[in-house]
Structure formats: C-alpha cells, structure tokens
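Structure first, then comments.
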Amino acid sequence: MARVVLPEESAKEISELIDVLISLFFESLPRRDQRNWARVYLNGLVRTSGKKTIRNIAGTGASSVEQSLQQFISKSPWDWTPVRRSLAQYLERTAQRPLAWVVQPMVIEKAGDRSVGVGRQFVPQLGRTANCQQAGGIWLASSEASFPVEWTLTLPGPWTNELMRRRRAGIPDTARSLTPAQDAVHAVQRMAATWQLQRRPVVMEVANSDIPQCIESFALQDIPFVFKVDGSLPVSFGGAGRHKPGPHTAPARELIDSLRSQRRVVEWTRHGRAEGAVTLLTSAAILATPGEDRPVPMPPTPLLLVGAWTEAALLPSEFWITNIGDRPLAQLFLLAKLTDRVSLDFTETCEPVGIRDFEGRSFRGWHHHATLASVAHASKLLGARGRVPDAFPVTGPPAIGAAPAVRPRTGAPAPVPRTGPPVLPPRPLIPGQSARREYIR
C-alpha cells in the first residue's frame with residue numbers, strides 16, 4: 274500500500290490534468306460514477322509508488338474503494354476502444370503529431386497459470402521459453418515523444434480452444450489464437466479503417482514466417498510500412514527488364530553485403546542521448562511473393578530492402594523491408610529507429626505507471642487496465658512538457674491520405690517568440706535531425 278507523497282501544488286496539478294483528460298477521453302462512459310472511478314484509478318497509476326495493483330491504488334481507504342475499483346476494472350462492461358481512439362485522435366491533432374505507428378512487443382512474466390493469455394511459450398525478445406503473457410502496444414511516435422494508443426493480448430491455443438477457460442476469462446467469441454505479429458497487423462488495420470487518423474508508416478519487427486501475410490495485409494489497405502527483418506530472410510531480386518537475368522533469391526544479408534561499395538553515410542543523434550552516431554546504409558529493390566496459402570496468387574509487390582552497418586562493423590547488422598519508395602534512405606532509417614524512442618518512453622514512463630502490473634484474470638480487465646495506463650502515460654508526458662490539453666476537442670481529424678506538410682529547410686531562421694502555450698511546427702522534424710548537419714554525404 275505504498276504511496277508517493279507529492280507536494281500539495283504538484284498533487285493539485287496532476288489532479289487538474291487528469292480531470293481534463295477524463296473530459297476529453299472518457300465521454301463514451303455512460304455513467305458519472307464510471308468516470309469518477311476512472312479518475313481515481315488514473316490518479317493512483319500516476320501517484321502511487323511501487324506496483325500499481327488495485328489494492329495499492331485503493332491504499333488505506335475503506336475496503337469499499339478496492340471493491341469498487343475491482344468492479345470498474347474487471348467487470349464493468351465499458352468499451353475501451355472509444356477511449357483509445359479519442360486519445361489517438363487528440364495526440365494526432367496536437368503538437369505531438371506522430372511520424373509513425375510503432376508496434377512494441379511487451380512480455381509479462383508470470384508465476385501462475387490463471388492470468389488471461391498466460392502460458393509457457395518461446396519469446397524471441399527474451400531468447401528463451403517463459404511462462405508469460407505476450408502483448409503488443411501500438412504507439413504514435415515522434416522524435417520527441419511516443420504514446421501507446423492501442424493494445425493487443427496474444428491468446429495461446431488453450432485459451433481459445435478450452436470452453437471453460439474461455440468463459441472464466443470472459444474472452445469474446447470473436448477472439449482467436451494468432452501470433453503476436455498477426456494480432457498487431459489486425460489492430461493496425463482496424464485503426465486505419467475506423468479511427469479517422471492520418472495514416473503513418475507502421476514500424477515493427479516481423480519474423481520471417483510472418484512476412485508474406487504482413488505484407489499482403491498492409492498492401493490491401495495501402496498502409497505504408499517499415500519491417501525490421503532477420504538477415505537470413507530469403508529475398509527475390511533482379512529480372513525487372515527484358516534483358517536482365519533473374520529473378521534470383523538470396524538471404525537479405527548476402528544481398529546487402531554485395532552492395533557495400535554503394536554505402537552512404539548517415540549521421541544522426543540517438544534518442545535520449547546527446548552524442549551522435551554514424552551508420553552506413555545501402556539498399557536494393559526486391560520483390561515480395563504472396564503467401565503460399567493464398568488461393569489466388571497476387572502479383573509480386575515491389576519493395577526496398579535497406580541494410581545498415583555500424584561505423585566499424587565488417588558486416589551489415591540490421592535489415593528492413595519497406596514499401597515506401599519516395600523518401601531518402603536516411604529518412605527511412607530514422608523512421609525505423611523510432612523504435613528506440615518507444616523503448617525509451619516505455620522504460621521511463623509506461624512501466625512506472627504500471628502497464629505490466631495488472632493482477633486480474635479477465636480479458637476485459639486486462640484491456641481496461643492497459644487503456645487507463647495509456648492515458649496515465651500521456652498525462653505524465655504532456656504534464657512534463659507543460660502541454661495541458663484543451664478542455665474542448667478540436668474539430669475533425671485530418672483526412673486519411675492527406676499530403677504531409679512541407680518540412681522546414683535546414684538553416685531556416687528561428688520563429689519569433691510567442692506568448693502563451695508553446696506552438697510547434699506544423700510537422701515534426703525527422704528524428705535526430707539537426708539544422709547544422711547533412712544526413713547523407
């Protein structure tokens with residue numbers, strides 16, 4: 274029941290900010306008491322030290338507080354999707370405009386077998402088998418900050434195949450057992466189709482076995498992507514013209530290494546660090562073949578394979594596949610590196626507000642907790658940057674597919690200082706950009 278004791282002024286500012294967020298993002302909750310318990314829970318996530326369990330959030334108050342929070346989180350049937358959508362739309366329209374949607378895996382190790390979705394499974398992020406839940410967050414990421422707005426919880430086969438276990442956890446009839454990457458792809462597709470957000474490149478790491486389906490799924494909705502892939506991935510290239518041989522197939526690592534004479538140098542600044550970094554890049558046009566399980570084959574999709582060397586490395590160490598063909602190579606690389614921005618914000622902000630701390634056993638409760646933790650994360654970052662949200666939503670999100678604003682030229686004069694709340698440029702700079710530096714030389 275540990276609680277952080279904040280100065281009176283700080284506690285008041287946090288409470289006022291949370292009141293504004295409740296009015297912005299929780300209008301879809303039909304009852305006033307639900308919005309009140311959302312306020313209590315958010316204050317607890319932000320202000321309680323230690324593990325953010327319902328018992329700790331309730332603190333030393335009456336047991337009725339803990340019971341009411343249990344009811345609100347684990348049993349109350351409020352829909353979390355409108356809250357997440359409102360959060361994403363607000364962030365899209367404010368100074369925190371994202372450059373990409375970044376998919377960040379999250380592994381929650383567990384001791385028992387009752388938490389929804391838990392099971393013994395191999396986890397690539399850990400490099401071993403673990404008894405855990407596998408989840409994923411979709412983050413709106415810019416060079417300055419990133420915010421989780423959507424979550425997936427992967428369900429191993431026993432959780433969808435065993436009727437009694439499914440009923441006890443309250444798993445919806447529509448939920449299926451998929452891979453974490455498939456869950457993430459479906460979530461991105463729903464966001465692109467129904468959330469009224471401007472489409473941004475989707476940045477995520479994809480296993481070799483999931484690559485064909487991920488490419489096809491995003492191609493169907495014209496969603497741009499940057500997939501981090503393993504160097505062992507077989508890729509097809511060549512044979513584009515009448516007199517050109519091919520196509521040929523080779524591992525991505527071998528193809529990129531064969532083009533080392535065409536490398537270009539990129540200088541950039543690591544997220545969360547002051548020092549610069551140097552990376553060497555090259556790329557190759559490749560073709561993606563459709564998945565083997567498609568009844569009607571689709572024509573190969575033209576893609577770009579990007580490879581990177583650290584400054585002193587003999588062999589390329591990182592590889593990405595993208596369907597974005599109209600951006601400089603340096604911009605594609607810096608988009609891919611937004612995963613570092615997300616990892617930093619996850620560690621410094623999302624974990625401290627308790628994203629991994631839910632101890633309940635229901636599917637609904639897990640998603641309610643993740644939703645409120647996302648809003649708590651936003652409150653911490655918005656508050657730290659002195660950007661208290663407006664109490665009244667801005668009208669109309671930008672149209673899907675709208676042309677991006679032109680980025681200010683390098684060396685452009687600084688804007689005249691203004692009074693009042695800070696106003697950022699209409700489009701954020703590419704991560705790591707500096708007015709004193711060229712990125713490709």
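In this text, residue positions in the sequence shown follow my numbering: the first is 274, and each later residue adds one. Glycine included, each C-beta is placed from N, C-alpha and C at the ideal position.
Three-state secondary structure (DSSP) of ALA331: helix
First through last residue of the beta strand (DSSP E) which encompasses PRO524: 521-524
Rounded straight-line distance, which links the Cα of GLN407 to that of MET379: 6 Å
Limits of the alpha helix (DSSP H) - the one that SER359 falls within: 354-366
CA-to-CA distance, THR452 to GLN486, given in whole angstroms: 11 Å
At least 3 beta-carbon pairs within less than 8 Å: the stretch 487-498 vs the stretch 532-543: no
Counted within 10 angstroms of its Cβ, other Cβ atoms place LEU587 as buried (16 or more) or exposed: exposed
Per DSSP, cross-strand counterpart(s) of LEU413: TRP374 and PHE420
Neighbour-count burial assignment, MET464, 16 or more Cβ in a 10 Å radius: buried
Residue interval of the alpha helix (DSSP H) (run including PRO312): Pro is not the amino acid found at residue 312; the sequence shown has Arg there. 305-320 is the span of the alpha helix (DSSP H), which, as asked, contains ARG312.
Segment contact, 8 Å Cβ cut-off, at least three pairs: the stretch 300-318 with the stretch 335-352: yes
Helix, strand or coil at ASN596 according to DSSP, with G and I counted as helix: coil
ASN596 classed as buried or exposed, judged by whether at least 16 other C-beta atoms fall within 10 angstroms: buried
Span of the beta strand (DSSP E) around ALA561: 549-561
Where GLN471 falls: helix, strand or coil (DSSP): coil
Chain-order list of residues whose beta-carbon lies under 7 Å from that of ALA590 (same chain, five-residue window excluded): Here residue 590 is Ser; the residue named in the question, Ala, does not match the sequence. Result list for SER590: ALA581, TRP582 and THR583, in chain order.
Nonlocal neighbours in the same chain, by C-beta distance under 7 Å from SER635, ignoring five residues either side: SER347, VAL389, ALA442 and GLY443
Residue ranges of each alpha helix (DSSP H) within the stretch 418-452, 4 or longer: 430-434 and 436-442
Rounded straight-line distance, which links the Cα of ALA403 to that of ASP630: 17 Å
Euclidean distance between Cα positions of TRP351 and ARG308: 10 Å
Helix, strand or coil at LYS653 [DSSP, three-state]: helix
As assigned by DSSP and simplified to three states, the class of GLN494: coil
Between the CA atoms of TRP374 and THR467 - distance to the nearest angstrom: 15 Å
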